[in-house]
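In what follows, a structure is listed as structure tokens, so that the remarks can point back to it.
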Amino acid sequence: MALHAPYPGGIIGHEAILDLLPRLKAHTLLFSGPEGVGRRTVARWYALGLNRGFPPPPLAEHPDLLEIGPRERGLRGEREVRLEEVEPLFAWFATHPRERVKVAILDAAHLLTEAAANALLKLLEEPPSYGRLVLVAPSRDTLLPTLASRALEVPFGPVPEEKLRLLTEDPGLLAYAAGAPGRLLRALAEPEAHRARMQRAWEALRAPPLARLGLLKELLSEEEGFFALYALLRENPRALLALESAREALEGYVNPDLVLARLALDLEA
């Protein structure tokens, strides 16, 4: 059964940010931080609060909120935000809000193509008085400097474990969550899928290097696979360092075959 966060609006943690946001006047905000910690949920809370007052009522559909994100393209499922995803923002912001403020949430802003980023820059330079734009990205460094310089950063960190314990006391699940309520809630809502993922991670660690390489390619095709390994390796600093180094290399577009081959050897028991 799907569980819901025991907090208003489904937000777990980030009390300081919730206290800060109503006082900010910037037209463009950058919500930076790890995946799954609640940046998008807080962005929706912020949009509703601007129109209904803070603290806002429970999250719901709102006519003055627009969310844009990346699409998967190509045979390898590359994700990017292209010009055609950004273009609807201009027509949308050209009309006045039905209530007070129009808020657009641009997910994965670090995946903007150059053409999309240049088009967006025009909007950031001359935003309408009734408009707000929330960029969601891992960090300021992952954005084009021209965009980053025009956004006020609101950094999100992992949620403390004691707050996640309101959802579960399972140490394995808490390690897997790594401070991300979204990841934990998905695991609790889909226990069979989570168990299958953890089983694949366990098999990968026990397999000989060549077989491990194939299992790692399957497991690490999704971000959750990294955290399954993190949970199993949480008491092995050497292996954790190798896993983190591999993740950074993959994010830096190093040849994935070489990265995973090295990781398969580094995880040798």
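Residue numbers are given in the working numbering: position 80 of the sequence shown equals residue 440, and the series is strictly consecutive.
Where a beta carbon is used, it is the ideal one built from N, C-alpha and C, also for glycine.
A quick note: this is a predicted structure, and the numbers were derived from the prediction, not measured.
Who are the Cβ neighbours of residue i in its own chain at under 8 Å, not counting the five residues just before and after it?
| i | result |
| --- | --- |
| Tyr536 | Arg543, Leu544, Ala547, His554, Met558, Phe587, Ala588, Tyr590, Ala591 |
| Leu600 | Tyr590, Leu593, Arg594 |
| Val619 | Ala606, Ala609, Leu610 |
| Glu447 | Ala479 |
| Leu579 | Arg557, Arg560, Ala561, Ala564, Gly585, Ala588, Leu589 |
| Tyr490 | His456, Pro457, Arg460, Val461, Lys462 |
| Arg412 | Glu459 |
| Ala477 | Leu504, Thr506, Leu507 |
Leaving aside the five residues before and after residue i along the sequence, list all residues of the same chain whose C-beta is less than 7 Å from its C-beta, in chain order.
| i | result |
| --- | --- |
| Pro515 | Ser392, Gly393 |
| Leu481 | Thr506, Leu507 |
| Thr648 | Residue 648 is absent from the structure shown; the chain starts at 361 and stops at 629. |
| Pro423 | Arg458 |
| Arg436 | Residue confidence for Arg436 is low, a pLDDT of 39 falling below 50, so the modelled location carries little weight and cannot support an answer. |
| Arg433 | At Arg433 the pLDDT is 46, less than 50, meaning the model places this residue with poor confidence; the figure from the coordinates comes in the next sentence. Same-chain partners within the cutoff: Glu440. |
From the DSSP output, which residues share a beta bridge with residue i?
| i | result |
| --- | --- |
| Leu579 | Its beta-bridge partners do not exist; DSSP assigns none. |
| Arg566 | In DSSP, Arg566 forms no bridge with anything. |
| Leu466 | Ile428, Leu495 |
| Leu618 | Leu618 is not bridged to any residue. |
| Leu548 | Beta-bridge pairing links Leu548 to no other residue. |
| Leu603 | Leu603 pairs with nothing; no bridge assigned. |
| Leu472 | Val441 |
Give me the Cβ distance between residue i and residue j, rounded to the nearest whole Å; I'm assuming they're in contact under 8 Å.
| i | j | result |
| --- | --- | --- |
| Val519 | Pro541 | 6 Å |
| Val494 | Val463 | 7 Å |
| Leu623 | Leu593 | The pair is not a contact, with the Cβ atoms about 11 Å apart (cut-off 8 Å). |
| Leu389 | Leu512 | 5 Å |
| Leu471 | Arg510 | 18 Å between Cβ atoms; not a contact. |
| Arg460 | Leu410 | 6 Å |
| Ala475 | Leu443 | 5 Å |
| Glu552 | Leu534 | Not really, about 19 Å apart at Cβ, beyond 8 Å. |
| Arg492 | His387 | 6 Å |
Whose C-beta lies closer than 6 Å to the C-beta of residue i among residues of the same chain, with five residues either side of it excluded?
| i | result |
| --- | --- |
| Leu380 | none |
| Ile372 | Ala365, Val519, Lys523, Pro541 |
| Arg572 | Ala564, Ala624 |
| Tyr613 | none |
Shorter than 7 Å from the beta carbon of residue i to some beta carbon of chain C?
| i | result |
| --- | --- |
| Pro531 | No chain C appears in the structure shown, which is made up of a single protein chain. |
**Request:** With a floor of 3 residues, list each beta strand (DSSP E) that falls wholly inside the stretch 368-425, ordered by position along the chain.
**Result:** Taking only runs of at least 3 residues, the beta strand (DSSP E) segments lying wholly in the stretch 368-425 are 388-392.
**Request:** For the stretch 484-530, list the alpha helix (DSSP H) runs that are entirely contained and at least 4 residues long, ordered along the chain.
**Result:** Here the runs fully enclosed are 505-508, 521-524.
**Asked** For the stretch 460-467 against the stretch 397-409, are there 3 or more C-beta pairs whose distance is under 8 Å?
**Response** Yes, they touch.
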